[in-house]
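Scroll down for the structure; my scribbles are underneath it.
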Amino acid sequence: MKSKIINSFFWGNSVALSWLWGLGLFFSVQITYLFGLTGLLGFALLNSIGLFLFGYGTQKIANRDKGQESLERFYKKWYKPFRLSLYLYQLLAITLTVFATVKYLFIPLLTSYWPGWDDGGSILQIFSLLLVVSLVISASCLLGEEFSIKSIKYWHLLIGAVLLVIIVSLLTYLQPKEIYNYQAWVKNETQKPIFIGYMVAIFVGFFVGPWLDLQQWQRAIQMRKEETNICTGYFFGSVIFFFLLIFHGLMASFVFNSNWFNPNMTSVGLGGIKYGHEQIVNYMIHFQSTLPEWVPLSYYLFIVFAVLTTLDSGYVSTRWFVKEVSKTSNSPVLSIIPKGIADSPIPTYILAGLITIFSVLANFELEYFMVFYATFFVAYASLGIARCFVPNSQHSLPQVKLFSIGALSLVIFAGGYFMQMAVLMIIGSILPILYVFWLVLNTDLLRVVKEKVEEVIDAASEIPVLKNLSKATHTAINGKTLEVSTGSHFEGKWFVHSFMATYADTNSVGNVYFGVYALWVGKTRELFFNYVLPDFNLKDTTYLILTRSFEHKYITETREFERISVKIRASEYNRKIATLEHQVFDSAGNLLGKGKQQLIFVSPKDYRLLDIPPEVIKAFMPYM
């Protein structure tokens, strides 16, 4: 028990450091500048609670099934519709971290040692920026290559211990008294509506944000594999993360309330908004001749270690993600990219570096990236959460609608942010959640109506006078109405074949023989193929369908003269293999068994393994 608690703490420390994107690290300074320690406390508390709730939720998901692989099995089904949003979320997080590190740490240091740097011409600036960005990315990739998800927690434990020494040393030396100062807690802006606008955006963004973070999914899955309680690990992680933000905010409050600082030192961005992200670094530079050398050095190391433990985690999780996508994707684009490149996170980090250089030269601020997390990604994350916990939200993703609502909320929020209008910021943040709520509720209402209609049809089909009217059912696929025989029909995306078990199906004791279930599933598969591939002909086909594997789990027995329903559908596929999922029910709706089978496709001439034919993918897609 003690060892599991210790392992939970180790993982909690890694969770905290991996979640310390440049967003949390440097925005803790800006929120303190804008709203004092009250704003810092709200930011840190909401952020930490959102992180903990992710751990609590994934623990609930993992407990639905037995085994150490339960959460991973769920994730592999859950993530597929969200692959693009998961990748973009990761790319943006890496970019803003590199950007914040370069702009708010390295550029002030570069300017202090090279006063004419920003007057040296654009070529010189681009070249020096390229060197700095390359330094950050190279260090991140090097560390990422050194560790796996299993070993990275020990590296983070070492860095966590170093950060603890740095934090205690700086607080002991500086002894910030701002925590006892009323003026440091309450500022004029705290009483204005704009404070509520910020808090709502923070609440929305950080409560749903972890669900699109690959680092957090990878950690939760690994905790489950190690039989470590995910909820406990994320409790430790949220507490450690909370105190890391509080420390950095206290450092900011110490600087902003010192005699050295005045508001004219801040930079001014679009809309006249003032930014103070780099003021702690500027303070250390200004007083480096009077402070002990270890004080500014310790602070710089705090930033560097905090950033590297985020970026190396990002590297490990991106590598995990792109390998899985490359392995299961049937995209023709990925097929022409060398495997070493397709499976590597380095192109992602290079892209993040290029965006960073452009953003620094364009004088962007951290908040320009953050706005996406409070608006654009909210709809995807909210629907992702719904698909974890709401059974009736398992419909295909309306990608165009989600993109549209995300873009609309982004524009509304950005307008409110630059004009400092709290009401627009609030609307922009909650609009995606309201849309997803409506989407899930609307789907549920359609499901209820469909179930009632099916109940009426089933009841009517049992009336002798009406039995002849129910000889065939019709289903609409891709706008075409097609007829299916009385023994077969569709229920949503499931093809269902119903029949009566007889003595021929039973063994000597009267139960259905175990091997018969495979025959039932095989016959249902043939009928399904006949329906979705009506033009298939053995004489002139360019491919043959072979069974690679067949799995069936027996749950409940049945007997002769019982009405059996076998359901089958296409569940997933990659470039070479298609997977069909099946379920077997009796007349009372009891699940008799379930399983899956994998299909491969070969040439009829030489039995050479083929990619899944396009016509098969097209035929299976409506039932995925």
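Anchor point for the sequence shown: position 46 equals 766 in my numbering, and the numbering is continuous, going up by one each time. Glycine residues also receive a C-beta, built at the ideal position from the N, C-alpha and C atoms.
Under the three-state reduction of DSSP, T1299 is assigned to strand. Here the stretch 820 to 834 makes no contact with the stretch 795 to 812; the two share fewer than three CB pairs at distances below 8 Å. Excluding five sequence positions before and after V1252, the CB atoms of its chain that fall closer than 6 Å to its own CB belong to A1339, given in chain order. The three-state secondary structure of V1216, taken from DSSP, is strand. Closest option to D1032, judged by alpha-carbon separation, among E1044, P1016 and I1066: I1066. In the structure shown, G787 falls within a coil segment according to DSSP collapsed to helix, strand and coil. A distance of 8 Å or more separates the beta carbons of H968 and Q750. Following the DSSP letters along the chain, one finds R1107 inside the alpha helix (DSSP H) bounded by residues F1096 to F1109. Contact between the stretch 911 to 924 and the stretch 1073 to 1084 is absent, with fewer than three C-beta pairs closer than 8 Å.
A straight-line Cα-Cα distance of about 11 Å links G1212 and K1287. DSSP, read as helix, strand or coil, puts G1235 in helix. For F1321, the closest of L1264, N1294 and T1299 by C-alpha to C-alpha distance is L1264.
Just measuring C-alpha positions, the residue of R784, L1161 and C861 sitting nearest I814 is C861.
A residue is called buried once 16 or more other Cβ atoms fall within 10 Å of its Cβ, and E1085 is buried on that count.
DSSP, reduced to helix, strand and coil, places H1209 within a strand of the structure shown. Boundaries of the beta strand (DSSP E) harbouring S1285: R1283 to Y1293, taken from the DSSP string.
Contact annotation: the stretch 761 to 769 does not touch the stretch 840 to 858, with fewer than three C-beta pairs closer than 8 Å. For G957, the closest C-alpha among the options M971, F794, P1334 and Y776 is that of Y776. The beta-carbon separation of T1278 and A1221, rounded to 6 Å, stays under the 8 Å limit for a contact. Counting C-beta pairs with one atom in each stretch, the stretch 1016 to 1023 and the stretch 722 to 735 have fewer than three that are closer than 8 Å, which means they do not touch. Using a Cβ distance threshold of 8 Å, F962 and P896 do not count as a contacting pair. Between the stretch 1117 to 1126 and the stretch 1094 to 1107, the count of C-beta pairs closer than 8 Å reaches three or more; the two stretches touch.
Counting only the Cα atoms, S1124 lies some 30 Å from Y995. Approximately 16 Å separates the beta-carbon atoms of S738 and T1068; this is outside 8 Å, ruling out the contact. 8 Å or more divides the Cβ of E1280 from the Cβ of T1244. In this structure, I872 lies away from F1025, with their beta-carbon atoms at least 8 Å apart. With contacts defined as CB atoms closer than 8 Å, T1038 and V853 fail to qualify as a contacting pair. Nearest in C-alpha terms to M1145, of all of Y753, Q1318, M1344 and Y918, is Y918. Setting aside the 5 residues that flank it on each side, G1230 is surrounded in the same chain by R1279 and E1280, each with a C-beta closer than 8 Å to its C-beta; the list follows chain order.
Non-local C-beta neighbours of V1091 in its own chain, meaning closer than 7 Å and more than five positions away in sequence, comprise L1130, F1133, A1134 and Y1137, ordered along the chain. In the DSSP assignment, Y918 falls within the unbroken alpha helix (DSSP H) covering P913 to V928.
For the pair W834 and V924, the Cα-to-Cα distance works out to about 42 Å.
Its chain contains A813, L816, T817, A820, L1086, F1089, M1090 and Y1093 as the residues whose beta carbon lies nearer than 8 Å to that of L743, once the 5 sequence neighbours on both sides are disregarded; these appear in chain order.
About 5 Å separates the Cβ atoms of G1313 and Y1274, confirming a contact at the 8 Å cut-off. When DSSP states are grouped into helix, strand and coil, K1273 belongs to the strand group.
Taking 3 residues as the minimum length, the stretch 995 to 1024 contains no beta strand (DSSP E) run wholly inside it.
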